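Enquirer:
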Ligand code: GLU
Ligand code: MG
């Protein structure tokens with residue numbers, strides 16, 4: 050069987066090498082890798098970085114993060130195995146997203162004694178159904194999606210993912226798939242697997258899936274919403290306290306405060322394309338400020354379940370991070386969120402106060418009084434915040450920040466001189 054051993058890299062791309070002959074899943078598959086691959090952008094340009102032609106790495110697949118990618122007419126079944134990149138002596142490579150997530154998980158565990166449970170919700174486009182307007186959330190729209198959706202659900206189950214919802218979302222050709230929460234590393238692995246399965250299953254149905262953040266300025270965005278909650282090591286829930294602000298327990302409050310405090314510095318990792326910032330504007334149900342909200346789909350962090358009469362509330366209670374999209378590697382997203390949460394605990398931040406207004410209508414003095422800021426309004430602005438952050442450099446190391454910056458500068462340059470239509474089309478094709 051032909052298998053693909055891969056990382057979800059700095060471009061949020063599934064990149065790796067095919068290996069002949071052995072079945073993915075049972076044994077680990079490894080391939081050679083080079084540091085400069087981290088600088089390959091979503092447009093196949095290479096950013097400037099410190100590595101050049103030097104260095105040898107190993108990309109070693111983890112059999113726990115593997116699945117079969119279903120075949121179809123003219124296309125064989127293949128294996129897919131996600132893995133970690135390390136130096137030949139076994140040290141993790143400083144730009145390996147999955148290793149960076151493992152370090153963040155360990156840090157959060159160490160500072161709080163708690164584990165994170167997470168689930169990624171993905172919105173995307175399914176192109177080729179040739180439906181007119183009128184399908185949003187309808188049964189007819191659902192039926193049009195169902196042949197693809199049923200096969201995708203089967204492929205997810207075979208991959209060990211528990212599918213939950215298939216939604217014919219609001220935008221033209223827009224769909225959403227959700228899955229059950231899992232421990233943070235597995236949740237990120239599943240997000241990576243889901244994107245690959247969605248694209249291949251769509252192809253088998255003569256369709257094309259695109260996870261582009263946005264198809265045109267003013268269009269409906271494709272968001273990735275990351276749901277988070279906490280567990281004690283014995284598995285009991287740790288996020289909820291009926292008396293906490295918005296229902297947040299003390300550790301959850303400090304973690305959400307850390308998230309909001311550092312959100313502007315990590316925004317370039319969560320929504321990392323040039324077009325991502327046309328989605329992150331007010332009144333688009335995405336989020337545009339670093340605020341906490343309850344039942345507010347404009348909030349950067351939204352508390353999801355606050356029905357105090359629900360007997361299961363402690364285990365259902367979770368918050369969702371909304372200014373994220375699928376141009377980002379799920380590993381880097383989760384690593385950044387967990388470090389920001391750990392920082393909130395380490396620094397003993399008080400829990401944030403939920404906002405309760407349309408923030409786009411408030412002037413800067415009122416925003417400042419609420420302790421809320423506008424998110425960066427462009428990728429260069431977000432990249433500036435990231436590059437200048439001593440905190441982020443402390444979490445991820447100077448080399449990673451330099452490489453990420455070089456990578457994104459090359460991506461920005463690639464679309465700098467072209468028309469807006471062409472830029473949106475390039476991203477749509479790339480993701
Ligand atoms: N499409 C919206 C976004 O860009 C999200 C809509 C929803 O709340 O599901 O994030
Ligand atoms: Mg949605």
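Numbering (our numbering), first residue to last: 50 to 480. Don't be surprised by glycine CBs; every beta carbon is placed ideally from N, CA and C. It should be emphasised that the depicted structure is a prediction, and the values quoted were computed from it without experimental measurement.
Measuring from each Cβ to the nearest heavy atom of the ligand MG, keep the ones under 6 Å and list them in chain order.
Expert: Matched residues: 172, 218 and 225.
Enquirer: Quick check on residue 188: does DSSP put it in helix, strand or coil?
Expert: Three-state result, residue 188: helix.
Enquirer: So, at 6 Å on beta carbons, what are the nonlocal neighbours of residue 385 in its own chain, with the 5 sequence-adjacent residues on each side left out?
Expert: Taken in chain order, the residues that qualify are 315 and 318.
Enquirer: Using a 10 Å radius around the Cβ and a threshold of 16 neighbouring Cβ atoms, would you call residue 223 buried or exposed?
Expert: Buried, since its Cβ has 16 or more Cβ neighbours within 10 Å.
Enquirer: Given this structure, state the Cα-to-Cα distance separating residue 104 from residue 283, to the nearest angstrom.
Expert: Between residue 104 and residue 283, the C-alpha separation is close to 42 Å.
Enquirer: Looking at C-alpha atoms only, which residue of 150, 294, 286 and 273 is the closest neighbour of residue 362?
Expert: Answer by Cα proximity: 286.
Enquirer: Is the beta carbon of residue 82 within less than 8 Å of some heavy atom of the ligand GLU?
Expert: No, the Cβ of residue 82 stays beyond 8 Å of every heavy atom of the ligand GLU.
Enquirer: Going by DSSP, name the residue or residues bridged to residue 278.
Expert: Paired residues: 166.
Enquirer: When every heavy atom of the ligand GLU is checked, does at least one fall within less than 8 Å of the C-beta of residue 333?
Expert: Answer for residue 333: yes, Cβ within range of the ligand GLU.
Enquirer: Among the residues of its own chain, which have a CB less than 6 Å from the CB of residue 295, if the five just before and after it don't count?
Expert: So the qualifying residues of the chain are 343, 352 and 403.
Enquirer: What does residue 223 pair with, by DSSP beta-bridge criteria?
Expert: Its beta-bridge partners are 174.
Enquirer: Considering only heavy atoms of the ligand GLU, does any lie closer than 8 Å to the CB of residue 344?
Expert: Residue 344 Cβ: outside cutoff for every heavy atom of the ligand GLU.
Enquirer: Any heavy atom of the ligand GLU closer than 8 Å to the beta-carbon of residue 340?
Expert: No; taking the cut-off as 8 Å, the Cβ of residue 340 has no heavy atom of the ligand GLU nearer than that.
Enquirer: For a test of the three-state rule: what should DSSP assign to residue 328, helix, strand or coil?
Expert: Looking at residue 328 - three-state DSSP - the assignment turns out to be helix.
Enquirer: Say whether the segment 323-340 touches the segment 221-235, bearing in mind that this needs 3 or more beta-carbon pairs closer than 8 Å, one atom from each stretch.
Expert: Output reads no: the segment 221-235 does not touch the segment 323-340.
Enquirer: When we look at the beta-carbon of residue 281 and count the other beta-carbons within 10 Å, is it buried (16 or more) or exposed?
Expert: Exposed: under 16 other Cβ atoms inside 10 Å.
Enquirer: How about residue 167 and residue 277: are their beta carbons less than 9 Å apart?
Expert: It is a contact, given that the beta carbons lie within the stated cut-off.
Enquirer: Can you check whether the CB of residue 245 is closer than 9 Å to the CB of residue 63?
Expert: Going by C-beta atoms, residue 63 is nearer than 9 Å to residue 245.
Enquirer: In the structure shown, what three-state DSSP assignment does residue 115 receive?
Expert: Strand at residue 115.
Enquirer: Looking at the structure shown, is residue 402 part of a helix, part of a strand, or coil, going by DSSP?
Expert: Of the three classes helix, strand and coil, the one that applies to residue 402 here is coil, per DSSP.
Enquirer: May I have the straight-line CA-CA distance separating residue 392 from residue 252, to the nearest angstrom?
Expert: Going from the Cα of residue 392 to the Cα of residue 252 covers about 42 Å.
Enquirer: For residue 163 and residue 262, what's the separation of their Cα atoms in angstroms?
Expert: Each residue's Cα considered, the two are about 32 Å apart.
Enquirer: Leaving out five residues before and five after residue 373 in sequence, what residues of the same chain have Cβ atoms less than 8 Å from its Cβ?
Expert: Result list for residue 373: 272, 273, 274, 275, 319, 320 and 382, in chain order.
Enquirer: Quick test of your reading: residue 137 and residue 118, contact by CB under 8 Å. State the CB separation rounded to the nearest angstrom.
Expert: Not confirmed; about 29 Å, so no contact.
Enquirer: Under the rule that 16 or more other beta-carbon atoms within 10 Å means buried, what is residue 182, buried or exposed?
Expert: Burial call: exposed.
Enquirer: Can you give me the start and stop residues for the alpha helix (DSSP H) that residue 62 sits inside?
Expert: Note, residue 62: premise wrong, no alpha helix (DSSP H); not H, not E.
Enquirer: How close, in whole Å, do the beta carbons of residue 424 and residue 329 come, if the pair is a contact with beta carbons under 8 Å?
Expert: Between residue 329 and residue 424 the Cβ distance is about 6 Å, and since that is below 8 Å, they are a contact.
Enquirer: For residue 104, which of helix, strand or coil comes out of DSSP?
Expert: In the structure shown, residue 104 sits in coil (DSSP, three-state: anything other than H, G, I, E or B).
Enquirer: Which residues mark the beginning and the end of the beta strand (DSSP E) in which residue 136 is found?
Expert: Residue 136 -> beta strand (DSSP E) spans 127-136.
Enquirer: What separation, rounded to the nearest whole angstrom, lies between the Cα atoms of residue 208 and residue 420?
Expert: Each residue's alpha carbon lies about 43 Å from the other.
Enquirer: How is residue 454 classed by DSSP in three states: helix, strand or coil?
Expert: Residue 454: helix per DSSP, three-state reduction.
Enquirer: Is the segment 150-163 in contact with the segment 188-203, if contact means three or more CB pairs nearer than 8 Å?
Expert: Output reads no: the segment 188-203 does not touch the segment 150-163.
Enquirer: Taking only three categories from DSSP, how would you classify residue 205?
Expert: In the structure shown, residue 205 sits in a helix (DSSP, three-state: H, G or I).
Enquirer: Taking buried to mean at least 16 other C-beta atoms within 10 Å of its own C-beta, is residue 175 buried or exposed?
Expert: Residue 175 comes out buried.
Enquirer: Please list the segments of the beta strand (DSSP E) lying wholly inside the segment 338-394, counting only runs of 3 or more residues, in order along the chain.
Expert: Entirely contained in the segment 338-394, the beta strand (DSSP E) runs reaching 3 residues are, in chain order, 341-343, 350-352 and 368-373.
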